[in-house]
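S.K.:
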Amino acid sequence: MVSYRLARQHLVDAFARGRRTTEEICDAQPELRRVAHSCATPIAEPCPICEGDDLVAVTFAFGPGLPKHGRVLSDNAEMRKLRRRGRPATCYLIEVCRQCWWNHLRESYAVSG
Ligand SMILES: [Zn+2]
Numbered sequence: 030m031v032s033y034r035l036a037r038q039h040l041v042d043a044f045a046r047g048r049r050t051t052e053e054i055c056d057a058q059p060e061l062r063r064v065a066h067s068c069a070t071p072i073a074e075p076c077p078i079c080e081g082d083d084l085v086a087v088t089f090a091f092g093p094g095l096p097k098h099g100r101v102l103s104d105n106a107e108m109r110k111l112r113r114r115g116r117p118a119t120c121y122l123i124e125v126c127r128q129c130w131w132n133h134l135r136e137s138y139a140v141s142g
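Below, the structure is given as structure tokens:
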């Protein structure tokens, strides 16, 4: 598992120091916004940007045999299905704030299948 905590913290710090604007970092694309509303799990942390309480996690899986834009894993059943495929995949967990649309890669991990 690869954590992107440091990169995330740098960005949050840059915002706190005024070196990044919300326009630059709260830029979730329409598809990500849609998935954040339909296939997300809550994160029990405040948003690092707006401090709102609507931070969610969205997981995309990429790999051979999966759609080019990735497959959204909305629950554990989908994760089990991915593992049963017998093919490798890489999952990317993205945190998204549904209030200000801050979004950042949180972790990635391989699924051996
Ligand atoms: Zn926010």
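Here the sequence shown stands for residues 30 to 142, numbered as in our numbering. The beta-carbon is built from N, C-alpha and C at its ideal position, and this holds for glycine as well. The structure displayed is predicted, hence computed values, not measured ones.
Less than 8 Å separating the beta-carbons of Ala-57 and Val-101?
M.R.: It is not a contact, given that the beta carbons lie outside the stated cut-off.
S.K.: With DSSP as the reference, identify every bridge partner of Ser-137, one or two as the case may be.
M.R.: Val-31 and Tyr-121, per the DSSP bridge assignment.
S.K.: According to DSSP, what are the bridge partners of Pro-71?
M.R.: In the DSSP output, where bridge partners are listed per residue, Pro-71 has Val-85.
S.K.: Quick check: is any heavy atom of ligand 1 less than 7 Å from the C-beta of Gln-128?
M.R.: Gln-128 Cβ: within cutoff of ligand 1.
S.K.: Tell me whether the stretch 45–55 and the stretch 81–88 touch, counting them as touching only if at least three CB pairs, one residue from each stretch, are closer than 8 Å.
M.R.: Touching, no.
S.K.: Measuring only the C-alpha atoms, how far is Ser-32 from Glu-53?
M.R.: Ser-32 and Glu-53: Cα-Cα distance of roughly 22 Å.
S.K.: Shorter than 7 Å, the distance from the beta carbon of Ile-78 to the closest heavy atom of ligand 1, or not?
M.R.: Yes, ligand 1 has a heavy atom inside 7 Å of this Cβ.
S.K.: Taking the alpha-carbon positions, what's the Glu-136 to Thr-119 distance?
M.R.: Answer to the nearest angstrom: the Cα atoms are 11 Å apart.
S.K.: Who are the near neighbours of Ala-77 in its chain, counting only those whose CB is closer than 6 Å to its CB and skipping five residues on each side?
M.R.: A small correction: the amino acid at residue 77 is Pro; Ala does not occupy that position in the sequence shown. Excluding positions up to five away in sequence, the list reads Val-41.
S.K.: Express the C-alpha separation of Ser-141 and Arg-116 in angstroms, rounding to a whole number.
M.R.: Rounded to the nearest angstrom, the two C-alpha atoms are 6 Å apart.
S.K.: What separation, rounded to the nearest whole angstrom, lies between the Cα atoms of Ala-106 and Phe-44?
M.R.: Distance between the alpha carbons of Ala-106 and Phe-44: 37 Å.
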